[in-house]
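Shown next, in structure tokens, is the structure this report addresses.
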Amino acid sequence: MNNSFKAAAAVLALSLTNGAASANSIVDIAVGDERFSTLVAAVSAAGLVEALSGPGPFTVYAPVNDAFAALPEGTVETLLKPENKDQLTNVLLYHVDDRKLSSDMIPAGSNYFKPMLDSARLCITAGSNGVKIADGTGEMATVVIADIEADNGVIHVVDKVLLPGTRPACH
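First residue of the sequence shown? That's 18 in the working numbering, and the numbers climb one at a time after it.
See below:
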């Protein structure tokens with residue numbers, strides 16, 4: 018992990034210990050888990066820490082570091098540049114629903130869900146083989162850990178960064 022990620026994560030962790038969030042907010046949980054250090058750096062760079070530390074409720078489809086590392090080389094560094102803040106914010110808002118959706122609230126089959134990125138949709142498919150999420154590129158993410166409870170919502174850990182695009186097909 019490069020030093021800018023580590024520095025952003027350290028600054029974010031310090032700000033949170035000064036009372037910027039409740040004890041178990043989605044942001045606190047992400048900061049406390051090294052698997053989300055790239056996500057934490059991105060949330061900080063996009064200026065979304067305060068919003069995601071708020072009362073919610075939120076559902077966050079949280080990509081792990083390996084999901085960010087799987088993006089084309091240079092993508093994360095480019096998104097973290099100040100001049101790309103709007104694009105980074107759109108990618109992050111694509112991972113957030115403004116409701117608390119635990120896994121048992123996701124109906125069987127394929128259904129459209131509206132993330133906080135207004136112009137976009139996700140197709141979430143729940144079945145006997147778990148939960149998959151199709152993004153705007155048509156690629157599929159798998160929920161690898163569901164239902165991490167936070168004071169202001171729930172986190173579902175995904176193995177891919179969800180990218181906006183055209184409306185995904187729900188089968």
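Where a beta carbon is used, it is the ideal one built from N, C-alpha and C, also for glycine.
Pick from ASP168, ALA137, ASP164, ALA79 that is closest to THR55, judged by C-alpha positions: ALA79
For PRO74 and GLY170, believed in contact at Cβ under 8 Å, the rounded distance: 5 Å
Residue range of the unbroken alpha helix (DSSP H) whose run includes LEU134: From DSSP, LEU134 is part of no alpha helix (DSSP H); its letter is neither H nor E.
Rounded distance between the beta-carbons of PHE53 and VAL178, thought under 8 Å: Going by Cβ atoms, the distance from VAL178 to PHE53 rounds to 12 Å, so no, they are not a contact pair.
Own chain residues within Cβ distance below 6 Å of LYS149, not counting five before or after: THR142, MET157, THR159
Opposing strand residues paired with CYS140 [DSSP bridges]: TYR129, ALA151
Extent of the continuous alpha helix (DSSP H) run through ASP45: 43-48
Whole-angstrom distance between SER145 and ASP135, CA atom to CA atom: 30 Å
SER61, buried or exposed, once every other Cβ within 10 Å from all chains shown has been counted against 16: buried
Which residues DSSP lists as bridging THR92, in chain order: For THR92, which the question treats as bridged, DSSP gives no partner whatsoever.
Cutoff 8 Å; reference LEU105; Cβ partners in own chain excluding five residues on either side: ALA59, ALA62, ALA63, LEU96, LEU97
Neighbourhood of ILE46 by C-beta distance below 7 Å, restricted to the same chain and skipping five residues each side: ILE165, ALA167, ILE172
Limits of the beta strand (DSSP E) - the one that THR106 falls within: Note, THR106: premise wrong, no beta strand (DSSP E); alpha helix (DSSP H) at 102-110.
Own chain partners of LEU180 with C-beta closer than 8 Å, once the 5 adjacent residues on each side are dropped: VAL108, TYR111, ASP152, GLY153, THR154, GLU156
SER70 classed as buried or exposed, judged by whether at least 16 other C-beta atoms fall within 10 angstroms: buried
Buried versus exposed, by CB contacts within 10 Å (16 or more), ARG138: buried
Selected residue, minimal CA-CA separation from ALA68, among ARG184, ALA163, ASN82, ASP115: ASP115
Coarse secondary structure for GLU166, derived from DSSP in three states: strand
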